[in-house]
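**Q** Just so we're aligned, residue 0 is where the sequence shown starts under numbering that gives the first Met the number 0, counting upward by one. In this text, a Cβ means the ideal position worked out from N, Cα and C, and glycines have one as well.
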Amino acid sequence: MLNNADNSRIRFVVILILFMVMMFVLIGLFNTYKENEDLRSDIKSEKQKISNTKNHNKTVSDREKEQNEKLGLTDVENASDDFNEKFYVWSNWQEFSDNMKSLRQTYPNLDSNDNVDISGKAVGTGDSPISNYESTSYTTTNKDELSEIITQEKKYDDHTTETLWHKVSNYKKGKYDISEFEKYDKIL
Numbered sequence: 000m001l002n003n004a005d006n007s008r009i010r011f012v013v014i015l016i017l018f019m020v021m022m023f024v025l026i027g028l029f030n031t032y033k034e035n036e037d038l039r040s041d042i043k044s045e046k047q048k049i050s051n052t053k054n055h056n057k058t059v060s061d062r063e064k065e066q067n068e069k070l071g072l073t074d075v076e077n078a079s080d081d082f083n084e085k086f087y088v089w090s091n092w093q094e095f096s097d098n099m100k101s102l103r104q105t106y107p108n109l110d111s112n113d114n115v116d117i118s119g120k121a122v123g124t125g126d127s128p129i130s131n132y133e134s135t136s137y138t139t140t141n142k143d144e145l146s147e148i149i150t151q152e153k154k155y156d157d158h159t160t161e162t163l164w165h166k167v168s169n170y171k172k173g174k175y176d177i178s179e180f181e182k183y184d185k186i187l
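(1) Please name the residue, chosen from Tyr87, Pro128 and Asn141, that lies closest to Lys182 on a Cα-to-Cα basis.
(2) My understanding is that Val167 touches Thr139, with C-beta atoms under 8 Å, so please give their C-beta distance in whole angstroms.
(3) Tell me the residue span of the alpha helix (DSSP H) that contains Ser96.
(4) Quick check: what's the CA-CA separation for Pro128 versus Val75?
(5) State the Cα-Cα distance for the pair Glu94 and Glu161, rounded to the nearest angstrom.
(6) Under a Cβ-count criterion, where at least 16 other Cβ atoms within 10 Å of its own Cβ denotes burial, should Ala78 be classed as buried or exposed?
(7) For the beta strand (DSSP E) that Leu145 lies in, which residues bound it at each end?
(8) Using CA coordinates, which residue listed in Leu72, Glu65 and Ile117 is at the minimum distance from Gly173?
(9) By the three-class DSSP mapping on this structure, what secondary structure does Val115 have?
(10) Sorted by chain position, which residues of the same chain lie with C-beta nearer than 6 Å to Arg103's C-beta, five sequence neighbours on each side aside?
(11) In the structure shown, what three-state DSSP assignment does His55 receive?
(12) Would you identify the three-state DSSP class for Asp184, choosing helix, strand or coil?
(13) When DSSP labels each residue in this structure, what does Lys48 get in the three-state scheme?
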C-alpha cells in the first residue's frame with residue numbers, strides 16, 4: 000500500500016509534469032502570439048506599400064495623360080486603337096468586310112488614301128483565317144503623330160502567317176490620317 004509520503008511524491012511529480020506541460024503550452028502560445036503580431040505587422044507594411052504604389056502609379060498615369068494631351072497623342076492613340084481593332088481583328092470574311100465598311104464610315108478620308116486599303120475587296124475565298132495583332136507605339140518629333148510597329152498574326156487551318164506593319168498616323172483638325180503604312184510578310 001502507498002503511504003502518505005508516496006502519495007505526496009506522486010502528486011508532486013504529477014504537478015511538476017503538469018506545470019512543465021503548462022509552461023510548454025504557454026511558451027508555444029506566446030511564440031504563436033508573437034508570430035501573429037509579426038505577420039500582422041508585415042501585412043500592414045505590405046498594404047501600405049501597395050497603397051503607396053497605387054498612389055504613385057496614379058500620379059504617373061495622370062502625368063502621362065497630361066503629357067499625351069500636351070503632345071496631342073490622346074486623340075491619335077484613340078483613333079489608332081479603333082482603326083487597329085477593325086483592321087486587324089476578324090475571324091471570318093463577313094466580319095472583315097463589315098470592319099472595312101465601318102472604317103470607311105468612321106474615317107471617310109482614308110477611303111481615298113493611297114497608303115491604306117480599306118475597300119474591303121481583299122476578301123479571300125474559302126475559309127477565313129483568324130486575324131489578331133499586337134502593337135507597340137512610339138512618339139515622333141511631330142505633334143499629333145504616332146508611329147507604330149504592328150505584328151498581325153493570321154491563323155489558318157494548316158499554318159500561321161505573321162505580317163509586320165509600320166504605320167505612322169496623325170490626328171489633325173478632327174481627322175485621323177495615315178501617312179505611312181508598310182507591310183512585311185513572314186510565313187511561319
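**A** Working from what's here:
(1) The count along the sequence shown starts at 1 and reaches residue 182 at position 183. It is Tyr87.
(2) For the purposes of this step, residue 167 is identified with residue 168 of the sequence shown, where counting begins at 1. For the purposes of this step, residue 139 is identified with residue 140 of the sequence shown, where counting begins at 1. 7 Å between Cβ atoms; contact.
(3) To locate residue 96, count along the sequence shown from 1; it is residue 97. Where Ser96 is concerned, the enclosing alpha helix (DSSP H) stretches over Trp92 to Thr105.
(4) Position 129 of the sequence shown, counted from the start, is the residue given in the question as residue 128. Position 76 of the sequence shown, counted from the start, is the residue given in the question as residue 75. So the two alpha carbons sit approximately 29 Å from each other.
(5) Translated into positions along the sequence shown, residue 94 becomes position 95. Translated into positions along the sequence shown, residue 161 becomes position 162. The alpha-carbon atoms of Glu94 and Glu161 are separated by roughly 20 Å.
(6) Counted from its first residue, the sequence shown places residue 78 at position 79. Flag for Ala78 reads buried.
(7) On the sequence shown, position 146 is the one that residue 145 refers to. It spans Glu144 to Lys154 - the beta strand (DSSP E) in which Leu145 sits, taken as one unbroken run.
(8) As a working note, residue 173 is residue 174 in the sequence shown. Checking every option, the nearest Cα to that of Gly173 belongs to Leu72.
(9) Taking the sequence shown and counting its residues from 1, one reaches residue 115 at position 116. Val115: coil per DSSP, three-state reduction.
(10) As a working note, residue 103 is residue 104 in the sequence shown. These residues qualify, in order along the chain: Asp110 and Ile117.
(11) Taking the sequence shown and counting its residues from 1, the one referred to as residue 55 is at position 56. Here His55 sits in helix by DSSP.
(12) By one-based count along the sequence shown, residue 184 stands at place 185. Three-state DSSP puts Asp184 in a strand.
(13) Taking the sequence shown and counting its residues from 1, the one referred to as residue 48 is at position 49. Correct three-state label for Lys48: helix.
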